[in-house]
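**Student:**
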């Protein structure tokens, strides 16, 4: 096939049908410019806005041709005076025409012309803006991203009304040609960070990008680490807040989940609602999360270590109660714990995959029935059922699913080390995790920034959140030239201002 278009419409149509053979969704609409000159309108049905095509292209074109004072000789003479579409361009080779058709453009061919007009009329049936299903909040906005890239960028524009909000487009995937947008606030994000994100995205070389998870695996710093090195969110307010702290967001067409880089462990333990409630409430909830993070990671391992090696650490009455409950159990504590943990993980996975109407009921009833039946059958003891239930509840308190999944996996490592070496094994496992976390980086930013290395500016929003009016500076990961996010300091909470009451 020749790269350049032919001046004969028939040859172009023949070549086009040969390229898109067996493509029933391609629409061809003939149009008569003069008695001897014909044209053709081509688009893919389902990915364009048909109403927009009919109202803003077909109708004005036909009406203009009827009222035209002279026959149309060139595409530039087409009567588009009533067309309000602004994203119009031309193409003179087949690669450009094919790309335009496949990226939701309407293409107009004309006889005796080796150039085509293209109109961007993306549309089709896509999911409307709805409440996010993975990041529910009691207080906060209820809108979430969708699978449409332009709707998602528009939702961000509603939050950040500044000309400094930049959105750099890329196309990734040799077959899918997925639209990707890198967004940041100029002056807040470090230019080195922006350049690094763009360079890593440009190095992606694969056939298809179907979800932001594909991109995450390609561009993260340490692909062999179990800990997530990028945050994803389907909430516009969360992404806007991260951009205001100098982060970079990555939008991928076809998914409601937007990636944020860089990320720290403390960021994954925070929820957007932490900044909508008063700081007293937020701090209380954060302490609960941190406590149950340790419970979700350590509790089964501690149970195994104490009941197997360190019985003298428990009060006599408690150890006698546990021993009585385990008297008829034929398995050691590690096998008992693994049976219950694997069963709980299977029930949790089944509850996610089943239809929503029955998934929740199956997971809850399954846990109750299986746990009770296992205790009555003498396969497991009642204390391990309590331990596993508390562990499962603790993992649900973590606001980020990817971090919660990592904790669930590492829990099994701690259990095995506890069964082999007791509390010494738990200490070894904990030290290994901490050493790994101190060495881990996300786009060059230390994973434990604020604690290791210690930075007072970041420490104000880790274990506790100080009042908003005391967080006057952005985190250390933001640009050096624009650290202040609050103007002149003002006194807050002065009771003497209201002495007149």
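Residue numbers (the working numbering): 294 to 794. By construction, the Cβ of each residue, glycine as well, lies at the ideal position given by its N, Cα and C atoms.
(1) Using the three-state DSSP reduction, which class does residue 625 fall into: helix, strand or coil?
(2) Look up residue 526 in the DSSP assignment and give the residues it is bridged to.
(3) Could you spell out the range, first to last residue, of the alpha helix (DSSP H) harbouring residue 451?
(4) What are the uninterrupted segments assigned as alpha helix (DSSP H) that are 4 or more residues long and contained completely in the region 577–648, given in chain order?
(5) Let's test the definition: count the other Cβ atoms within 10 Å of the Cβ of residue 304 and tell me whether it reaches 16, buried, or not, exposed.
(6) Just to confirm before moving on: does the CB-CB distance between residue 409 and residue 346 stay below 7 Å?
(7) Determine the direct distance from the alpha carbon of residue 335 to that of residue 315, and round the result to whole angstroms.
(8) Provide the residue(s) that pair with residue 506 in DSSP beta bridges, ordered along the chain.
(9) Where does residue 688 land, buried or exposed, given buried means 16+ other C-beta within 10 angstroms?
(10) Which word fits residue 640, buried or exposed, when buried means at least 16 other C-beta atoms lie within 10 angstroms of its C-beta?
(11) By alpha-carbon positions, which one of 499, 474 and 459 ends up nearest to residue 481?
(12) How many Å lie between residue 694 and residue 622 at the Cα?
(13) Kindly indicate the opening and closing residues of the alpha helix (DSSP H) around residue 752.
(14) If contacts are defined as beta-carbon pairs under 8 Å, then residue 740 and residue 733 qualify, I think. What distance do you get, rounded to the angstrom?
(15) Measure from the alpha carbon of residue 528 to the alpha carbon of each residue in 490, 445, 626 and 569, then state which is nearest.
(16) For residue 572, which residues of its own chain have a beta-carbon under 7 Å away from its beta-carbon, when the five flanking residues on both sides are left out?
(17) Quick one, are the C-beta atoms of residue 420 and residue 436 less than 7 Å apart?
(18) If you run the structure through DSSP and keep just helix, strand and coil, what is residue 769?
(19) Ignore the nearest five residues each way along the sequence and tell me which others in residue 470's own chain have a CB closer than 6 Å to its CB.
(20) One question on the structure: do residue 556 and residue 523 come within less than 7 Å of each other, judged by their Cβ atoms?
**Tutor:** By the coordinates alone:
(1) coil
(2) 551
(3) 442–452
(4) 609–618 and 626–646
(5) exposed
(6) no
(7) 15 Å
(8) According to DSSP, residue 506 bridges with nothing at all.
(9) buried
(10) buried
(11) 459
(12) 34 Å
(13) 749–752
(14) 4 Å
(15) 445
(16) 758, 759 and 760
(17) no
(18) coil
(19) 464
(20) yes
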